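Trainee:
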Amino acid sequence: MLGLLSASSIDRAFVRAVARWQKRKGIRANGIIDTTTWRSLRRVLGITSKISLAPPKDKDYFKDNATLKSISLQPADRLPQKDGISGRITEIYNRQGKLMRELADRVNLDLACTIAVWVSESHGRRHRTGKTPGRFENHRFYRIWGVHNQKIYDRHFRHGGHAGISGNAWQQHQFRKMEAAAFQLVHKSQEQEYRVLQFAKKIADPEKAIQAFRLGEPQILPLHYADLGYTSSRKMYNAFQNSLRAQILGFFDYCLHRDAPERGELLVYLRNRNWRAFCKYYNPDRNVAAAAIRLQDIYNRAASLVRG
35 MLGLLSASSI DRAFVRAVAR WQKRKGIRAN GIIDTTTWRS LRRVLGITSK ISLAPPKDKD
95 YFKDNATLKS ISLQPADRLP QKDGISGRIT EIYNRQGKLM RELADRVNLD LACTIAVWVS
155 ESHGRRHRTG KTPGRFENHR FYRIWGVHNQ KIYDRHFRHG GHAGISGNAW QQHQFRKMEA
215 AAFQLVHKSQ EQEYRVLQFA KKIADPEKAI QAFRLGEPQI LPLHYADLGY TSSRKMYNAF
275 QNSLRAQILG FFDYCLHRDA PERGELLVYL RNRNWRAFCK YYNPDRNVAA AAIRLQDIYN
335 RAASLVRG
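Start counting the sequence shown at 35; every next residue gets the next number (the numbering used here).
1. Going by alpha carbons, who is nearest to Ile67 out of Val49, Lys236, Leu145 and Lys235?
2. Please state whether DSSP places Gly121 in a helix, a strand or coil.
3. Quick one: residues in its chain with C-beta nearer than 7 Å to the C-beta of Val322, no 5 flanking neighbours on either side, listed in chain order?
4. Quick check on the burial criterion: 16 or more other C-beta atoms within 10 angstroms. Buried or exposed for Leu219?
5. Tell me the DSSP secondary structure of Gly65 in three-state form.
6. Find the nearest neighbour of Tyr127 within the set Ala214, Asn172 and Leu107, judged by alpha-carbon distance.
7. Do you know offhand how far Arg268's Cα is from Asn306's?
8. Hey, could you find the ends of the alpha helix (DSSP H) Leu249 is sitting in?
9. Can the beta-carbon of Pro167 be found closer than 8 Å to that of Gln226?
10. Evaluate Ala88 with the Cβ neighbour count: other Cβ atoms within 10 Å of its Cβ, from every protein chain shown; 16 or more gives buried, anything less gives exposed.
11. I need the boundaries of the alpha helix (DSSP H) containing Arg50, first residue and last residue.
12. Hey, which unbroken runs of the alpha helix (DSSP H) at 4 residues or more fall wholly within the region 142–168?
13. Cβ atoms of Arg135 and Leu145: under 8 Å apart, would you say?
14. Can you look up Asp139 in the DSSP assignment and give me helix, strand or coil?
15. Could you tell me which residues DSSP pairs with Ile254 in its beta bridges?
16. What separation, rounded to the nearest whole angstrom, lies between the Cα atoms of Leu36 and Arg54?
17. Can you find the residues in the same chain that come closer than 7 Å, C-beta to C-beta, to Arg122, ignoring five residues on each side of it along the sequence?
18. Would you mind giving the Cβ-Cβ distance between Val151 and Leu329, rounded to the nearest angstrom? I have them listed as a contact below 8 Å.
19. Check whether the Cβ atoms of Ile237 and His196 lie closer than 8 Å to each other.
20. Quick one: Cα of Ala63 to Cα of Trp72, how far?
21. Only counting the same chain, and skipping five residues up and downstream in sequence, which positions put a Cβ closer than 7 Å to that of Asp331?
22. Can the beta-carbon of Ile178 be found closer than 8 Å to that of Lys242?
23. Tell me whether Asp293 sits in a helix, a strand or coil according to DSSP, three-state version.
24. So, helix, strand or coil for Arg341, using DSSP?
25. Within its chain, find whatever has a CB closer than 6 Å to the CB of Phe247; leave out the 5 residues flanking it on each side and keep chain order.
26. Helix, strand or coil: how does DSSP classify Gln205 here?
27. I'd like the list of long-range same chain contacts for Ser86, defined as Cβ closer than 7 Å, with 5 residues on each side in sequence excluded.
28. Do you know offhand how far Arg335's Cα is from Glu155's?
29. Return the chain-ordered list of same chain residues with a C-beta closer than 6 Å to the C-beta of Arg292, the five sequence neighbours on each side being excluded.
30. Pull the bridge partners of Leu36 from the DSSP assignment, please.
Structure representation (structure tokens):
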């Protein structure tokens with residue numbers, strides 16, 4: 035199809051050939067087989083079913099596994115405490131390394147990859163029952179609820195790229211309770227994040243407010259509750275609030291069941307240490323290139339400290 039006898043996806047010839055093919059098909063010619071390109075390729079190749087990279091049973095979730103519900107979080111061996119990012123790596127391993135290793139082994143994943151994501155997403159914030167790390171995302175709330183209630187949303191919320199506010203959608207997140215009050219930054223503290231969530235639950239459907247609240251140390255949106263095997267955003271929210279174990283199991287379920295763009299490819303990206311693709315689909319609402327560089331750096335540190 036591309037006019038090549040052989041090529042690797044990292045070869046310039048392959049990238050140029052993909053770009054030429056995209057241009058012929060009227061697709062943005064970036065040389066990458068992204069979601070749009072892959073859909074078009076599937077049609078040309080006659081592929082009608084999705085390739086599943088997840089376990090064959092749709093309801094086979096780690097969160098429901100009896101063994102994993104009882105296994106200890108902490109490993110028998112402990113790493114000496116260090117400073118900075120290395121200190122975060124060793125702290126996470128010493129706190130939950132046994133369960134993480136068990137899950138990583140089950141999906142054939144380098145444990146250091148899991149810990150690297152954990153460090154990158156948690157930003158040093160630790161789970162506390164009832165007040166797990168959270169981030170209220172205005173632009174998500176807008177897409178879920180505000181787009182249908184725009185006057186109310188604009189009265190109380192702001193985000194980049196909307197209503198004349200500069201920046202990207204994930205930037206310039208501000209809110210106010212009263213129309214006469216000044217707008218405040220949302221992401222200045224965890225207390226503020228929860229204040230905004232509680233306010234959003236009062237003016238909107240509470241379930242939709244919860245869906246816009248990135249949750250726990252792995253920072254997963256309850257919007258994706260079904261990918262983790264939950265029947266509602268509220269049930270996922272409650273489970274993550276009550277248990278670090280639920281967050282660890284949920285992270286692996288999410289990587290196995292989330293479409294990225296095909297089901298289970300988040301795990302494939304981690305196995306291959308394709309940080310940019312992982313960041314793009316795990317949490318696209320940020321500077322993906324910068325997030326990938328940070329994740330690579332944390333992984334290199336984790337790999338030198340944690341084996342296997």
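In this text, a Cβ means the ideal position worked out from N, Cα and C, and glycines have one as well.
As the structure is a computational prediction, the values presented were derived from the model and not from experiment.
Mentor: Working from what's here:
1. The residue you call residue 67 lines up with position 33 of the sequence shown. Here the closest residue by C-alpha is Val49.
2. Here the question's residue 121 lines up with position 87 in the sequence shown. Gly121: helix per DSSP, three-state reduction.
3. Walking along the sequence shown from the start, residue 322 turns up at place 288. Excluding residues within five positions, the ones whose Cβ falls inside 7 Å are Arg310, Cys313 and Lys314.
4. Within the sequence shown, residue 219 is the residue found at index 185, counting from 1. Exposed: under 16 other Cβ atoms inside 10 Å.
5. Mapped onto the sequence shown, residue 65 falls at position 31. Annotated three-state conformation of Gly65 is coil, per DSSP.
6. Taking the first residue of the sequence shown as 1, we reach residue 127 at position 93. The shortest C-alpha to C-alpha distance from Tyr127 to any of Ala214, Asn172 and Leu107 is the one to Leu107.
7. Counted from its first residue, the sequence shown places residue 268 at position 234. Counted from its first residue, the sequence shown places residue 306 at position 272. So the alpha carbons of these two residues sit roughly 33 Å apart.
8. Position 215 of the sequence shown holds residue 249. Element bounds for Leu249: not the alpha helix (DSSP H) but the beta strand (DSSP E), Phe247 to Leu249.
9. For the purposes of this step, residue 167 is taken as the residue at position 133 of the sequence shown. For the purposes of this step, residue 226 is taken as the residue at position 192 of the sequence shown. The answer is no: Cβ separation not under 8 Å.
10. Sequence index remark: in the sequence shown, residue 88 carries index 54 (1-based). Because Ala88 sits at a pLDDT of 41, beneath the cut-off of 50, its placement in the model cannot be relied upon, and the following sentence gives the value as read from the coordinates. Counting Cβ neighbours within 10 Å, Ala88 comes out buried, since at least 16 surround it.
11. Translated into positions along the sequence shown, residue 50 becomes position 16. From DSSP, the alpha helix (DSSP H) with Arg50 extends over Arg46 to Arg58.
12. Counting only runs of 4+ residues, the alpha helix (DSSP H) found wholly inside the region 142–168 occupies 145–156, in chain order.
13. The residue given as residue 145 occupies position 111 in the sequence shown. The residue given as residue 135 occupies position 101 in the sequence shown. Taking 8 Å as the cut-off, the Cβ atoms of Leu145 and Arg135 count as close.
14. Here residue 139 is taken as the residue at index 105 of the sequence shown, counted from 1. Correct three-state label for Asp139: helix.
15. On the sequence shown, residue 254 is found 220 positions in, with the first residue counted as 1. BP columns for Ile254 point to Leu249.
16. Numbered from 1 along the sequence shown, position 2 holds the residue referred to as residue 36. Numbered from 1 along the sequence shown, position 20 holds the residue referred to as residue 54. Distance between the alpha carbons of Leu36 and Arg54: 8 Å.
17. Looking up residue 122 in the sequence shown gives position 88. Val153 and Gly158.
18. Along the sequence shown, read from residue 1 onward, the residue named residue 151 stands at position 117. Along the sequence shown, read from residue 1 onward, the residue named residue 329 stands at position 295. That belief holds up - the Cβ atoms of Val151 and Leu329 are roughly 7 Å apart, short of 8 Å.
19. The sequence position of residue 237 within the sequence shown is 203, counting from 1. The sequence position of residue 196 within the sequence shown is 162, counting from 1. No, they are not a contact pair.
20. On the sequence shown, position 29 is the one that residue 63 refers to. On the sequence shown, position 38 is the one that residue 72 refers to. Distance between Ala63 and Trp72, taken at the CA atoms: about 13 Å.
21. Translated into positions along the sequence shown, residue 331 becomes position 297. None.
22. On the sequence shown, position 144 is the one that residue 178 refers to. On the sequence shown, position 208 is the one that residue 242 refers to. Yes, the Cβ-Cβ distance between Ile178 and Lys242 is below 8 Å.
23. Position 259 of the sequence shown, counted from the start, is the residue given in the question as residue 293. If DSSP states are grouped into helix, strand and coil, Asp293 belongs with the strands.
24. Taking the first residue of the sequence shown as 1, we reach residue 341 at position 307. Collapsing the DSSP output to three states places Arg341 in coil.
25. Position 213 of the sequence shown, counted from the start, is the residue given in the question as residue 247. These residues qualify, in order along the chain: Gly168, Phe170 and Leu231.
26. On the sequence shown, residue 205 is found 171 positions in, with the first residue counted as 1. The answer is coil: DSSP assigns Gln205 none of H, G, I, E or B.
27. Locating residue 86 in the sequence shown gives position 52, counting from the first residue. Here the model assigns Ser86 a pLDDT of 44, short of 50, so the residue's position is not dependable, and the following value carries that caveat. Closer than 7 Å at Cβ, skipping near neighbours: Arg297 and Gly298.
28. By 1-based counting over the sequence shown, the position of residue 335 is 301. By 1-based counting over the sequence shown, the position of residue 155 is 121. Cα to Cα, Arg335 sits roughly 16 Å from Glu155.
29. Within the sequence shown, the letter at position 258 stands for residue 292. The residues are Asp261 and Leu300.
30. As a first step, residue 36 must be located in the sequence shown, where it is residue number 2. Under DSSP, Leu36 forms no beta bridge with any residue.
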